Amino acid sequence: MANATLFRDCTLATLHGGDWGLIERGALLAQDGAIAWVGPERDLPAGLVVHAEQSLQGALLTPGLIDCHTHLVYGGHRAHEAELRLQGATYEEIARAGGGIRSTVAATRAASEADLLRSACSRADALMREGLTTIEVKSGYGLTLADEAKCLRVARALGESRALSVRTTYLGAHALPPEFEGRADDYISAVCDWMAPLHAQGLVDAVDAFCDTIGFTPAQTRRVFNAAQALGLPAKLHAEQLSHQGGAELAASFGALSCDHIEHLSTEGIAAMRAAGTVGVLLPAAWYCLRDTTPPPVAALRQAGVPMAVSTDHNPGSSPCLSLLTAMHMACTFWRLTPLEALLGTTTHAAQALGLHDRGTLALGQRADLAAWSVNHPNELTYWLGGQACTGRAVAGQWLPLNT
Ligand code: NIG
Ligand code: FE
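Heads up, the sequence shown is in the numbering used here, so the first residue is 423 and it goes up one at a time.
Here is the structure:
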């Protein structure tokens, strides 16, 4: 059945052409889930078929926010490790002592699918209160075929239980599970073998790996990417986070959608990403929580024209962050992104980092995924720190007000 909702009485930030694309007193028609008309209200063509009208009462309307890098599905939490870090232990020391990712792996294996879904839903609810309409969710805390499948099924179920698009990423190469101690190459063989059955079950949209001193080597990462390529799956990479490994060049050589973290990215890595059209995903909340001191080379990325996305990297270890607006604020405050770059980083460029071409701007034919905000100008989205600026979301044209 045809369905057309006219959103009116709002200021639009269309992000057209990579700018704010502001339209005062704007209107937007969502028809059958997509944007069928957008512009100043006074230019609305006569005779538009409209089934429902939604006054936004002067709100700012932006594309719905996209969190393009999260580890949302896991059991337990690691507050005790955060406390150890406050006393001086480093993330790497905790990981090498058997804590870190491995402790979450144990808790995730022990958790039921229902429990994992319940906790993932409550985290997603927090993110949706800030205008989130699309989220990427990685596996990587199961590290057996059955447990990776379990986590990816939970991610898919999240998309069924909430008005939210979920993209899944297989991150079997996240950490070495204890049963493969001393046999990292064998584990990578298993990670590659599991990929086809997971993909056959419709559980995988992209493939990621953690290429670092406490993760996997570039050679091992290459094997994972070769397997992904053979299945036609796009690559993403946790690259150059704690050290420089040349992972960015490697990922770019596979046409990766994104390289994420990238604090230790080299000039060569930037050039390779630029040539491959790979998005740089900035994760300031992880950097902040780990009290890291090496910032990503934002000015060089900007100068090279590498698109930058911003994400929470939500995970129980390095980034227990449930606020994409806070991550945007941090990207501006710590790394001097402009407020416009931060918003592009959670809309247009975040969509690109997920290989999605149907969202991230307010333009004709795009999905009518929207976020409404009680602010006058979009630069306020990275100005306020906390508060409740989001007044509602629309997902595929369906208006979902927030009951504040
Ligand atoms: O993106 N760097 C590796 N993976 C996660 C952290 C995972 C964890 O500590 O549980 C990250 O920061
Ligand atoms: Fe991550």
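Backbone N, C-alpha and C define an ideal beta-carbon position, used for all residues, glycine too. Computed from a prediction, not measured in an experiment: that's the story for all the values here.
With a threshold of 8 Å, the Cβ atom of D735 counts as near the ligand NIG, since some heavy atom of the ligand is closer than that. Within the segment 724 to 749, the beta strand (DSSP E) runs of at least 3 residues that lie entirely inside it are, in chain order, 730 to 732.
Here the C-alpha atom of I692 lies approximately 9 Å from the C-alpha atom of P719. Per DSSP, the beta-bridge partners of T591 are K560, A628. F647 places its beta carbon less than 9 Å from that of A631.
Straight-line measurement puts the Cα of K658 at about 19 Å from the Cα of G564.
When the five nearest sequence neighbours on each side are left out, the beta carbons in the same chain lying within less than 8 Å of the beta carbon of P640 are those of C633, Q667, G668, G669, L672, in order along the chain. Within the DSSP bridge table, the entry for C432 names G448, A481 as partners. Residue pairing from DSSP places L704 in a beta bridge opposite V732.
Ranked by how close their Cα comes to the Cα of A597, the residues T427, F429, A612, T813 have A612 in first place. With a cut-off of 8 Å, the C-beta of A790 is classified as distant from the ligand FE, since no heavy atom of the ligand falls inside that distance. Rounded to whole angstroms, the gap between the alpha carbons of R815 and T555 is 8 Å. Contact check for W821 against T427 passes: the beta carbons are separated by less than 9 Å.
Taking 8 Å as the cut-off, the C-beta of D682 counts as close to a heavy atom of the ligand FE.
Between L653 and I557 a beta carbon distance of about 23 Å is seen, past the 8 Å cut, so the two are scored as non-contacting. Under the three-state reduction of DSSP, D780 is assigned to coil, being neither helix nor strand.
By the CB criterion at 9 Å, A698 and A731 fall outside the cutoff. Using a cutoff of 8 Å, the CB of Q667 does not count as near the ligand NIG, since none of the ligand's heavy atoms is closer than that. Under the three-state reduction of DSSP, Q774 is assigned to helix. Under the three-state reduction of DSSP output, L565 falls in the coil class, being neither helix nor strand.
The beta-carbon separation of T769 and T783, rounded to 7 Å, stays under the 8 Å limit for a contact.
Distances from the alpha-carbon of A726 to those of T760, V701, R781 put V701 closest.
Under DSSP, the beta-bridge partners assigned to W821 are A816.
DSSP places C543 in the helix class (H, G or I) of the three-state scheme. Taking 9 Å as the cut-off, the beta carbon of A749 is found no closer than this to the beta carbon of A721. Going by DSSP, S688 is part of no alpha helix (DSSP H) at all; its letter is neither H nor E. Spatial neighbours of G498 in its own chain (CB-CB distance under 6 Å, excluding positions within 5 residues in sequence) are listed in chain order as A529. Residue ranges of uninterrupted alpha helix (DSSP H) with 4 or more members, entirely inside the segment 595 to 653 and ordered along the chain, are 606 to 622, 640 to 652. Note that the C-beta distance between L664 and I636 is below 9 Å. For H660, no alpha helix (DSSP H) segment is defined; the enclosing uninterrupted segment is the beta strand (DSSP E) at 658 to 661.
By alpha-carbon distance to G553, the top candidate from T526, L574, L586, S541 is L586. For I516, the enclosing alpha helix (DSSP H) starts and ends at 513 to 518. One Cα belongs to L625, the other to T590, and the distance between them is close to 7 Å.
Under the DSSP definition of a beta bridge, Q453 partners with A426, A456.
When secondary structure is reduced to three states using DSSP, W795 falls in the strand class. Of the candidates A650, L655, P656, E690, the residue whose Cα lies closest to the Cα of E662 is E690.
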